[in-house]
Structure formats: structure tokens, C-alpha cells
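So the structure is just underneath, and the comments pick up after that.
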Amino acid sequence: MAGVAALRRRERERLARQQELARLGELTAGLAHELKNPLSTIKLNLQLLHEDLAKFPAAEASLARVGTVRKEVDRLSATLDDFLRFAGRIELNAAPVELNGQVRDLIDFFYPQTQTAGVRLYASLTAANPICRLDANLFKQALLNLMLNALAAMPTGGELIIRTHVAGAYALVDVSDTGTGIAPEVKTRLFEAYFTTKKGGTGLGLATTRRIIEEHGGHISVTSEPRRGTNFRLELPLVRPAAQT
Ligand SMILES: Nc1ncnc2c1ncn2[C@@H]1O[C@H](COP(=O)(O)OP(=O)(O)OP(=O)(O)O)[C@@H](O)[C@H]1O
Ligand SMILES: [Mg+2]
Numbered sequence: 002m003a004g005v006a007a008l009r010r011r012e013r014e015r016l017a018r019q020q021e022l023a024r025l026g027e028l029t030a031g032l033a034h035e036l037k038n039p040l041s042t043i044k045l046n047l048q049l050l051h052e053d054l055a056k057f058p059a060a061e062a063s064l065a066r067v068g069t070v071r072k073e074v075d076r077l078s079a080t081l082d083d084f085l086r087f088a089g090r091i092e093l094n095a096a097p098v099e100l101n102g103q104v105r106d107l108i109d110f111f112y113p114q115t116q117t118a119g120v121r122l123y124a125s126l127t128a129a130n131p132i133c134r135l136d137a138n139l140f141k142q143a144l145l146n147l148m149l150n151a152l153a154a155m156p157t158g159g160e161l162i163i164r165t166h167v168a169g170a171y172a173l174v175d176v177s178d179t180g181t182g183i184a185p186e187v188k189t190r191l192f193e194a195y196f197t198t199k200k201g202g203t204g205l206g207l208a209t210t211r212r213i214i215e216e217h218g219g220h221i222s223v224t225s226e227p228r229r230g231t232n233f234r235l236e237l238p239l240v241r242p243a244a245q246t
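Per my numbering, the sequence shown runs over residues 2 to 246.
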């Protein structure tokens with residue numbers, strides 16, 4: 002576990018990030034409102050235009066153009082939604098839950114995807130049955146981002162291992178893969194919003210995950226060895242100290 006000085010620094014950094022995000026969240030709420038309404042009006046009118054044009058056989062080219070505009074509008078609203086998920090106000094709907102149960106639900110949900118990707122999925126969940134105060138939906142979103150990244154790091158298959166354990170006042174969740182690993186210059190930027198090395202990636206996955214975990218009073222860290230694999234660790238405060246295992 003981290004030493005006292007490291008814990009203080011961690012807490013200072015977390016508070017600074019939280020303040021920055023709170024400021025951003027206020028600006029964002031206004032902007033989002035201003036953008037969302039016109040976007041849905043545009044969407045609706047494009048749909049009507051599409052229906053009108055479809056009645057005229059000669060309007061094929063125009064119909065195709067409307068199709069292109071509709072696709073771009075969808076892309077814009079998806080971009081906006083991604084941004085809002087990261088920078089918007091988060092309202093935690095947290096309640097004490099069994100951490101293992103949440104993890105198991107997500108593993109069941111994710112299993113088919115690992116099969117398709119030729120990845121073996123293992124789970125090792127502590128018998129200590131840790132109870133944490135979680136917003137189940139947000140927590141699953143945070144964990145899913147890690148599992149998706151792990152899968153993406155193993156394009157030719159490998160092992161994805163999910164472990165839970167208890168250490169002191171925290172429950173730990175480890176998500177480890179036997180994938181590409183992370184180069185040092187990438188590692189320093191991992192949690193930056195919009196940082197991605199993937200074609201088509203938003204780069205908001207880890208930024209969102211960290212935000213969610215820190216809103217829960219938790220912490221995320223990473224260790225990685227290039228070409229061998231990566232381990233992301235979530236630390237979440239326990240509701241009550243469980244028996245150590
Ligand atoms: N398990 C991992 N193994 C190797 N590299 C990783 C792993 N997880 C994250 N990364 C690196 O961190 C970058 C940022 O990850 P993040 O989840 O924030 O965005 P992304 O995965 O690129 O995009 P998105 O989440 O929108 O699909 C990735 O592009 C990748 O380079
Ligand atoms: Mg990702």
C-alpha cells in the first residue's frame with residue numbers, strides 16, 4: 002500500500018481534479034443544453050425530409066445527401082454524449098452492495114465478447130465478500146472501460162483476469178491482461194481526456210473511469226510491462242472492514 006506522503010499527494014491531486022471537473026461541469030451543463038435541443042430539431046427535420054424525398058424516385062441523389070447529413074448529426078450527438086459522460090455533472094446514486102456480485106454481473110455480460118476475441122477470461126473473487134457503497138451503473142461503466150481496453154490490447158488473444166481482494170479499509174479490483182503493455186510515453190498520458198492511440202477511439206474511456214472511481218472516494222492505478230501485459234487496479238473504500246483473506 003502507498004505511504005503517508007504518497008497518500009497525501011494522491012488526495013491533493015484528486016481534489017484539484019475534482020475542482021477542475023466541477024468548474025467544467027457547470028460550463029458544460031449550459032453548453033450541452035444549448036446544443037442538444039437544436040440537434041434534436043435538426044434530426045427530426047432530416048427524418049421528415051428523408052421521408053418526403055423517398056416519395057420521389059428522381060430524388061435518389063438528394064436522398065443520399067440527406068443520409069450523409071443524418072449520419073454526421075448522429076456522430077455529433079454521440080461525441081456530445083461521450084463528452085458529457087466525462088465532463089457533465091455526475092450524480093452518484095450509491096448504495097452498499099456486494100462488490101463481487103457487481104463484478105460477476107459484468108463478467109457474465111462481457112464473457113461472449115472475450116470468446117469472440119479468442120481471450121480466456123478468469124475471475125478470482127475474494128471470499129471476504131467486500132461491501133462497498135457504489136452507484137452500480139457507473140461502477141460497471143468504469144470497469145467495462147477497463148475490460149474493453151484489455152481486450153483491445155490482445156488482438157491475437159490472451160488472458161484477461163479479474164481479481165478482487167481486501168486490503169485494510171479498501172476493496173481492490175485488479176483487471177489484468179497479457180496484451181501489448183503500455184510504453185512509458187503513453188503511460189504518462191493514459192488518463193488525459195481525449196488521449197488515444199486507437200483509430201476511432203475517443204480517449205475518454207480511462208478519463209471517465211478515473212472520474213467515476215474518484216467520485217466514489219476511490220483510486221485507480223496502473224502497472225504495465227511492454228509486450229507482457231498491463232494491470233489496472235481500482236481501490237474502493239469498504240463500508241465496513243471485512244475479514245482479511
Ligand atoms: N490494457 C491496456 N493495454 C495497453 N494499452 C492500454 C490499455 N488500456 C489503455 N491503454 C492505452 O491508453 C489509451 C487511452 O485509453 P482510453 O480508454 O482512455 O481511450 P481509448 O481506449 O483509446 O478510446 P475509447 O475508450 O473511447 O475506445 C489507449 O488508446 C491505449 O493506448
Ligand atoms: Mg478505452
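Note that beta-carbon positions come from the ideal geometry of N, C-alpha and C, so glycine has one too.
Closest Cα partner of residue i within the set the options
{"i": "Val-223", "options": "Arg-10, Arg-71, Arg-212 and Leu-207", "result": "Leu-207"}
{"i": "Arg-15", "options": "Gly-182, Thr-198, His-51 and Phe-192", "result": "Phe-192"}
{"i": "Asn-38", "options": "Ile-214, Asp-106 and Leu-77", "result": "Leu-77"}
{"i": "Pro-156", "options": "Ala-65, Ala-59 and Lys-199", "result": "Lys-199"}
{"i": "Leu-173", "options": "Gln-48, Val-104 and Phe-84", "result": "Val-104"}
{"i": "Gly-26", "options": "Gly-204, Asn-94, Phe-84 and Arg-90", "result": "Arg-90"}
{"i": "Leu-135", "options": "Arg-66, Gly-158 and Glu-99", "result": "Glu-99"}
{"i": "Pro-227", "options": "Leu-81, Glu-186 and Thr-80", "result": "Glu-186"}
{"i": "Glu-12", "options": "Asn-232, Ser-41 and Gly-218", "result": "Gly-218"}
{"i": "Lys-188", "options": "Ala-95, Glu-21, Gly-201 and Asn-232", "result": "Asn-232"}
{"i": "Gly-119", "options": "Ile-221, Leu-152 and Arg-10", "result": "Leu-152"}
{"i": "Leu-149", "options": "Ala-128, Gly-202 and Leu-47", "result": "Gly-202"}
Residue i, DSSP secondary structure in three states
{"i": "Gln-245", "result": "Residue placement at Gln-245 is flagged as unreliable, the pLDDT there being 48, under the threshold of 50; the coordinate-derived value follows with that caveat. If DSSP states are grouped into helix, strand and coil, Gln-245 belongs with coil."}
{"i": "Leu-93", "result": "coil"}
{"i": "Glu-12", "result": "helix"}
{"i": "Tyr-112", "result": "helix"}
{"i": "Thr-165", "result": "strand"}
{"i": "Pro-262", "result": "Examination of residue 262 is not possible in this model, given that the chain is present from 2 through 246 alone."}
{"i": "Leu-207", "result": "helix"}
{"i": "Gly-4", "result": "coil"}
{"i": "Ile-183", "result": "coil"}
{"i": "Phe-196", "result": "coil"}
{"i": "Leu-47", "result": "helix"}
Contact set for residue i: own chain, Cβ-Cβ below 6 angstroms, skip 5 residues either direction
{"i": "Ile-162", "result": "Tyr-123 and Ser-177"}
{"i": "Leu-144", "result": "Leu-107"}
{"i": "Ser-63", "result": "Leu-54"}
{"i": "Pro-131", "result": "Leu-100, Val-167, Ala-172, Leu-239 and Ala-243"}
{"i": "Thr-29", "result": "Ala-88 and Gly-89"}
{"i": "Ile-43", "result": "Val-74"}
Bridge partners - residue i, DSSP secondary structure assignment
{"i": "Asn-232", "result": "Ser-177 and Thr-224"}
{"i": "Arg-121", "result": "Glu-160"}
{"i": "Ala-172", "result": "Val-167 and Leu-237"}
{"i": "Glu-99", "result": "Ile-132"}
{"i": "Leu-126", "result": "Thr-165"}
Environment of residue i [buried if 16+ CB atoms lie within 10 Å]
{"i": "Thr-181", "result": "buried"}
{"i": "Tyr-171", "result": "buried"}
{"i": "Leu-235", "result": "buried"}
{"i": "Leu-237", "result": "buried"}
{"i": "Arg-121", "result": "exposed"}
{"i": "Gly-230", "result": "buried"}
{"i": "Ser-225", "result": "buried"}
Sequence-distant residues of the same chain with beta carbon closer than 8 angstroms to residue i, five excluded per side
{"i": "Ser-125", "result": "Ile-162, Ile-163, Arg-164 and Thr-165"}
{"i": "Glu-92", "result": "none"}
{"i": "Leu-205", "result": "Asp-83, Phe-84, Arg-86, Phe-87, Ala-194 and Tyr-195"}
{"i": "Asn-138", "result": "Asn-94"}
Contact with chain B by residue i, beta-carbon distance below 7 angstroms
{"i": "Lys-188", "result": "The structure shown contains no chain B; it is built from a single protein chain."}
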